[in-house]
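For reference, the structure discussed in these notes is given below.
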Amino acid sequence: MESFHLQRLISDMNINWTPVFAATVCGTGAFILFWKWRNNQKIQKKILNARKRRDKSLQLAGKAVQQFKIQNPDFESSSIVSLSLSELTGKLEDGSLQPDAVLHAFMEKALEVNKSLNCGTEILMESVAQLKEINTQKKGLLYGVPISIKDNVGYKGHDSSCGVVGMLDQPAVMDSVVVTVLKKQGAIPFIKTNIPQGLLNYDCSNPIYGQTLNPRNLQKTPGGSSGGEGALIGGGGSILGFGTDIGGSIRIPAAFCGICGFKPTSKRLSGQGISSCVKGQKSVLSSIGPLARDVESLALCMRALLCQDMFTLDPTVPPIPFNQKVYESSEPLRIGYYENDGFQQPSPSMARVFRETKALLEKAGHTLVPFPPLRLYEVFHEFAFKGVMADGGATLFSHLKSGPIDSCLRDQALLLRIPGFVKKLLSVVVKPVFPRLSASLNATVGVGSIEELWRHHVNIEEYIDEVIAEWRRLNVDVLLCPMLGPAYNFHYCGRLTSALSYTSLYNLLNFPAGTVAVSTVTEEDEAQLSQYKGVFGDVWDKLFVKAVKDGVGLPVAVQCVSLPWQDEMCLRFMREVEKLTANN
Numbered sequence: 001m002e003s004f005h006l007q008r009l010i011s012d013m014n015i016n017w018t019p020v021f022a023a024t025v026c027g028t029g030a031f032i033l034f035w036k037w038r039n040n041q042k043i044q045k046k047i048l049n050a051r052k053r054r055d056k057s058l059q060l061a062g063k064a065v066q067q068f069k070i071q072n073p074d075f076e077s078s079s080i081v082s083l084s085l086s087e088l089t090g091k092l093e094d095g096s097l098q099p100d101a102v103l104h105a106f107m108e109k110a111l112e113v114n115k116s117l118n119c120g121t122e123i124l125m126e127s128v129a130q131l132k133e134i135n136t137q138k139k140g141l142l143y144g145v146p147i148s149i150k151d152n153v154g155y156k157g158h159d160s161s162c163g164v165v166g167m168l169d170q171p172a173v174m175d176s177v178v179v180t181v182l183k184k185q186g187a188i189p190f191i192k193t194n195i196p197q198g199l200l201n202y203d204c205s206n207p208i209y210g211q212t213l214n215p216r217n218l219q220k221t222p223g224g225s226s227g228g229e230g231a232l233i234g235g236g237g238s239i240l241g242f243g244t245d246i247g248g249s250i251r252i253p254a255a256f257c258g259i260c261g262f263k264p265t266s267k268r269l270s271g272q273g274i275s276s277c278v279k280g281q282k283s284v285l286s287s288i289g290p291l292a293r294d295v296e297s298l299a300l301c302m303r304a305l306l307c308q309d310m311f312t313l314d315p316t317v318p319p320i321p322f323n324q325k326v327y328e329s330s331e332p333l334r335i336g337y338y339e340n341d342g343f344q345q346p347s348p349s350m351a352r353v354f355r356e357t358k359a360l361l362e363k364a365g366h367t368l369v370p371f372p373p374l375r376l377y378e379v380f381h382e383f384a385f386k387g388v389m390a391d392g393g394a395t396l397f398s399h400l401k402s403g404p405i406d407s408c409l410r411d412q413a414l415l416l417r418i419p420g421f422v423k424k425l426l427s428v429v430v431k432p433v434f435p436r437l438s439a440s441l442n443a444t445v446g447v448g449s450i451e452e453l454w455r456h457h458v459n460i461e462e463y464i465d466e467v468i469a470e471w472r473r474l475n476v477d478v479l480l481c482p483m484l485g486p487a488y489n490f491h492y493c494g495r496l497t498s499a500l501s502y503t504s505l506y507n508l509l510n511f512p513a514g515t516v517a518v519s520t521v522t523e524e525d526e527a528q529l530s531q532y533k534g535v536f537g538d539v540w541d542k543l544f545v546k547a548v549k550d551g552v553g554l555p556v557a558v559q560c561v562s563l564p565w566q567d568e569m570c571l572r573f574m575r576e577v578e579k580l581t582a583n584n
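Residues in the sequence shown are numbered consecutively from 1, following UniProt numbering.
Next up, the structure:
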């Protein structure tokens, strides 16, 4: 009855509702356009402010260096930054070098490297103030050593942006546990380094700070997601740095930039205060770990961090000190190996340096045993890829929506936008022609229920047990395998998730793994790319050739792996590889 009276009232008003409706629609459209314009203005202001903070820190650092030079006319930075970490710590300990000279030397070099590579996001000027505290304490295994940290490693008063606009203007309220312990060991964090947008990419570009370049070739990516670290250390602007690794994010930039990188067992070092765009994902575990010029530096860093301060600050970290005896052992090793994982054919340079390293190990008296990956095709898609994308990519995409999408991430972002049912349909359609693409499309849909997620976790646990059982059956100590390389041309990383099979497997297994650069790409390696067919001969195999071409002179690495919690054994193996290849 009330509805009838309302209709009579409207009809009696004798109003032409067409223009009213049109005006309402236009007004709504104008409001939406204004809202979008206003939101875009806010985004651009955030980005501009972040860049201003970076530029201001660079200017302040430059002034600090110049002032130090005026006060110390005999200061010469090149003789300091060329030292190895063990040489540097020795000179700091005996007093022949002072922390202020060392800090300003690396600050000067970092400014120079950043100018050509765009690898820093902010100079931490608190480092200059920290010198006073350092000089009064004069203790710690890393006393007076300047270190660099990846953008997402928490440092009080500074953003951990992860390359996304929505995480700007949210400075950390306290240092991460790793930074706290580093400071207690006398280290001086002095610069934050660049990352790819959202971190789940092995390039190094974002809409806030731009593209980082490779120190060995400015036309190549440094890798990622710890790409700023790889570029800065590879360029000589840092002697020791920290990154995070969820699919190769320490190992890939280390390999691409010609340095060493180590992914410890997850939880061997504290992850408290480390930011991420996929927090809550538990299938594939992330680790924080060091990057440096040599293996000895990585070991010294781990020895410094695995101390009572770490175990007290984060009780979830097992109180296992660094086992120096295992690291220094010279007993012959029984080494598992594979040259081709059967999923992504290695590039010619990857295969050659692997074979050369294997031969050197055999010649040195170690025993080499074939140990190919188990069920890698299924494991890569159904366990690793689907695990990271268990929510269909919703959490990652929620961060990306807050600002512009970087060019290195456009293909991934496009995939995240496609509805799940469409991806399932596409997966079925392309399966007969492109089985890997089909499996990947299906994996990005994620899991459909809590029950399925639990089953997924059980499958991963059973796979880990299966691999460890095979490891024990073969009675191997460590594993030697190829490392992705050489460094890619720009804009291929986001399109070649298939190549992550060599690194992401050990995040899924939670095995410690590290990379050692052992050689460089030769003209012959480059020529052999014309015969590269790949395992599947699909679009990814063709893209891989385009990604790695024109790589002559670029570094190529191998990867060393050990069982969980045997991080010292992995480092010991890395040291052996480094020694043999250096003497070759």
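No residue lacks a Cβ here, since even glycine has one placed at the ideal position from N, Cα and C. The structure displayed is predicted, hence computed values, not measured ones.
key: Own chain residues within Cβ distance below 6 angstroms of K386, not counting five before or after   = A443
Three-way DSSP call (helix, strand, coil) for A513 in this model = strand
query = Between which two residues does the beta strand (DSSP E) containing residue 585 stretch?
reply = The displayed coordinates of the chain run from 1 to 584. Any statement about residue 585 would go beyond what the structure contains.
message = Using the three-state DSSP reduction, which class does R375 fall into: helix, strand or coil?
response = coil
ask   = Is the CB-CB distance between Y337 and P373 below 8 angstroms?
value = no
request  = Assuming G230 contacts G120 (C-beta within less than 8 angstroms), just tell me the rounded distance between them.
outcome  = Actually they are not in contact, since the Cβ atoms of G230 and G120 sit about 13 angstroms apart, beyond 8 angstroms.
inquiry  = I need the straight-line Cα distance from G284 to L509, nearest angstrom please.
reply    = Gly is not the amino acid found at residue 284; the sequence shown has Val there. Between V284 and L509, the C-alpha separation is close to 8 angstroms.
message = When you measure from the CB of A187 to every non-hydrogen atom of the ligand HEM, does any distance come out below 7 angstroms?
response = In the structure on display, the ligand HEM does not appear, and there are no ligands present to speak of.
ask   = Thinking C-alpha only, which one of E76, K579 and Q566 is nearest V326?
value = Q566
inquiry  = So if DSSP puts D245 in a beta bridge, which residue, or which two residues, is it bridged to?
reply    = S287
Buried versus exposed call for L474 [16 or more other C-beta atoms within 10 Å across all chains shown] = exposed
query = Mind checking L479: buried by the 16 CB within 10 Å criterion, or exposed?
reply = buried
ask   = Is the distance from the Cβ of A292 to the Cβ of L85 below 8 angstroms?
value = yes
query = Quick one: is F421 buried, meaning 16 or more other Cβ sit within 10 Å of its Cβ, or exposed?
reply = exposed
query = What are the boundary residues of the alpha helix (DSSP H) that includes I250?
reply = Where I250 is concerned, there is no enclosing alpha helix (DSSP H), given that its DSSP letter is neither H nor E.
query = Alpha carbon to alpha carbon, how far is A110 from Y209?
reply = 16 angstroms
ask   = When the distance is taken between beta carbons, is H381 closer than 8 angstroms to I335?
value = no
Complete alpha helix (DSSP H) runs within the stretch 174 to 200 (minimum length 4 residues, chain order) = 177 to 184
ask   = Which one or two residues does DSSP pair with P146 in a beta bridge?
value = I188
key: Whole-number beta carbon distance between N194 and V212, since they are thought to touch under 8 angstroms   = Here residue 212 is Thr; the residue named in the question, Val, does not match the sequence. Contact holds; Cβ gap of about 5 angstroms.
query = Bridge partners of G336, per DSSP?
reply = V369 and L479
ask   = What number of angstroms, rounded off, separates the C-alpha of I233 from the C-alpha of S519?
value = 18 angstroms
inquiry  = Do G198 and L500 count as a contact pair if the criterion is CB distance below 8 angstroms?
reply    = no
Reduced DSSP secondary structure (H/G/I, E/B, other) of N217 = strand
key: Close-in-space but distant-in-sequence residues of the same chain around E2 (CB under 7 angstroms, 5 per side omitted)   = Caution is warranted here: a pLDDT of 43 is assigned to E2, below 50, making its placement in the model unreliable, and the coordinate value is therefore given only provisionally. Same-chain partners within the cutoff: there are none.
request  = Report back the beta-carbon spacing between K184 and H158 to the nearest angstrom; my notes put them in contact at under 8 angstroms.
outcome  = Not a contact, Cβ separation roughly 19 angstroms.
ask   = How about D541 and K549: do their beta carbons lie closer than 8 angstroms?
value = no
Pair within 8 angstroms by beta-carbon distance, G224 and I188 = no
message = Can you look up E122 in the DSSP assignment and give me helix, strand or coil?
response = strand
key: Selected residue, minimal CA-CA separation from D151, among Y143, V145, A172 and K139   = A172
query = On the three-state DSSP scale, how would you describe S266?
reply = coil
Segment limits, alpha helix (DSSP H) that includes Q528 = E523 to Q528
inquiry  = Once the 5 residues before and after Q412 are set aside, which same chain residues still bring their CB inside 6 angstroms of it?
reply    = G494
ask   = In whole angstroms, what is the alpha-carbon distance linking P73 and L92?
value = 20 angstroms
inquiry  = On the criterion of 16 or more Cβ atoms from any shown chain inside 10 Å, does K423 qualify as buried, or is it exposed?
reply    = buried
inquiry  = Given this structure, state the Cα-to-Cα distance separating L306 from N323, to the nearest angstrom.
reply    = 10 angstroms
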